[in-house]
Amino acid sequence: MNKEFEYISYRSRRNKIITDNKFYQSLCKLSFQNHIEYMLNTNQLLNLEIGFGSGEFIFYRAKRDKDNIYIGSEVYNPGIAQLLSKIEKNNVDNIYIFNDDARDLLNKIPNELFNNIYILFPDPWPKKKHFKRRLINTNFLKFIATKFSSNLFIITDHLNYAENILYDVLQSNCLTIKKMKISNTSFFRTKYESKALKNLNTIFSFALTHNTDNHAL
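Numbering of the sequence shown is given in UniProt numbering, commencing with residue 1 and proceeding in unit increments.
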């Protein structure tokens, strides 16, 4: 396991407090932390989505790839509640949830535990004075490169954020661009993607993989 990634952990002060005991019972049942031993020893491929919002993407992928396990990280209780409801209504059994800052999770797991990692429409923190709050930067990319074995997918509709991501990747010695797409069409219609398309925003999609010249197993 590599040296811990240093950061200021994100805790939203606007998060809704849910008083329904069923929510916490369901969350406990599907908690990544409560199944860590299984995750570390399973032969199934593990995939992570960071910031799953309302869970549209992770739910779709888990239903499609039933032999894979999908872990979703999200801090907002309403979004977690929506995903838990979808899981229960559809008897999906290959999704687990980490209800905290994804970097806390990444700091505690072995290298290359995940097959693919997805970051779809991360908060762009559009004001320049808030750029330092953005999840994706040079140090984060260097750190997360050690946590997946196949691909890292990043999608944003914020031009400045996309430019910064591209710059950081091109400067990186551990990641390379496998595929980049600039379009106004849907990848998978999440709430945030639908909003982007409605606003006629351009969507920037990055498929990143390891730079084999520098990737150390």
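From the three backbone atoms N, C-alpha and C, an ideal C-beta is built for every residue, glycine too.
Buried is the label assigned to S54, since at least 16 other Cβ atoms lie within 10 Å of its Cβ. Per DSSP, the beta-bridge partners of S31 are I97.
C174 sits close to N211, with the two beta carbons spaced by under 8 Å.
With distances taken between CA atoms, Y167 lies nearest to N139 out of I17, E37, Y192, N139.
Collapsing the DSSP output to three states places K147 in coil. The Cβ atoms of I155 and I203 lie closer than 8 Å to each other.
Note on geometry: alpha-carbon atoms of D67 and I50 lie some 20 Å from one another.
Annotated three-state conformation of I136 is coil, per DSSP. Going by DSSP, S73 is part of the beta strand (DSSP E) stretching over 69-73. In this structure, L46 lies near L113, with their beta-carbon atoms less than 8 Å apart.
Here L27 is near I97, since their CB atoms are less than 8 Å apart. The distance from the Cβ of K178 to that of T146 is about 17 Å, inconsistent with a contact at the 8 Å cut-off. The straight-line gap separating the alpha-carbon atoms of L84 and V92 is approximately 10 Å. Counting other Cβ atoms within 10 Å of its Cβ, I17 stays below 16 and is therefore classed as exposed. Under the DSSP assignment, S194 falls in the alpha helix (DSSP H) whose first and last residues are 191-198. Its chain contains G53, S54, E56, F57, L120, F121 as the residues whose beta carbon lies nearer than 8 Å to that of T190, once the 5 sequence neighbours on both sides are disregarded; these appear in chain order. Nearest in C-alpha terms to D157, of all of Q171, F32, E193, is E193.
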